[in-house]
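Engineer: The numbering of the sequence shown is my numbering, which starts it at 1 and goes up by one. If you scroll down you'll find the structure; I have some questions about it.
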Amino acid sequence: MNKSKEFLAKQEEACKYSGDAYLFALENKQADIEKCQEVACKNLYWAYQFARDIKDADIEKCQEVSCKDSEFAYF
1 MNKSKEFLAK
11 QEEACKYSGD
21 AYLFALENKQ
31 ADIEKCQEVA
41 CKNLYWAYQF
51 ARDIKDADIE
61 KCQEVSCKDS
71 EFAYF
C-alpha cells in the first residue's frame with residue numbers, strides 16, 4: 001500500500017503518545033497497527049482500549065501490559 005508522506009508524518013506525530021497512537025489506529029484504516037500498538041501499549045489504559053477496539057490488534061501483547069494492574073486485568 002502506497003502511503004503519502006503526509007500520512008506517514010501524521011502517523012509519526014501520533015505515535016509519540018499512547019492515546020494519540022490509539023486514536024490514530026482507530027480512525028485510520030491504513031495505519032501501521034504494529035507501530036501504533038507498540039506506543040499505545042506503553043500505558044495500561046490505552047493497551048486495554050487498543051485490544052478492545054482495534055481490529056487486528058495483538059491481544060496477547062496488550063494483555064501483558066493491561067494485566068499489570070488488577071483493574072484492567074478484570075476488564
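Beta carbons: idealized from backbone N, C-alpha and C, even for Gly.
Would you grab the beta carbon distance between Phe7 and Gln30 for me? Rounded to a whole angstrom, and I think it's under 8 angstroms.
Structural biologist: As a position in the sequence shown, residue 7 is number 7, starting the count at 1. As a position in the sequence shown, residue 30 is number 30, starting the count at 1. Confirmed, Cβ separation roughly 7 angstroms.
Engineer: Check each candidate in Glu13, Glu27, Asp56 and Gly19 and name the one with the smallest Cα separation from Cys41.
Structural biologist: Counted from its first residue, the sequence shown places residue 41 at position 41. Taking only the C-alpha atoms, the option nearest Cys41 is Gly19.
Engineer: With a floor of 4 residues, list each alpha helix (DSSP H) that falls wholly inside the segment 10–44, ordered by position along the chain.
Structural biologist: 18–27 and 33–40
Engineer: Can you give the Cα-Cα distance for Lys35 and Cys15, rounded to whole angstroms?
Structural biologist: Taking the sequence shown and counting its residues from 1, one reaches residue 35 at position 35. Taking the sequence shown and counting its residues from 1, one reaches residue 15 at position 15. Straight-line Cα distance between these residues: approximately 7 angstroms.
Engineer: Could you name the residues of the same chain whose beta carbon sits closer than 8 angstroms to that of Ile33, not counting the 5 residues immediately before and after it, in chain order?
Structural biologist: Numbered from its first residue, the sequence shown carries residue 33 at position 33. If we look at Ile33 and ignore the five residues flanking it on each side, its Cβ neighbours are Ala25, Ile54, Asp56 and Ala57.
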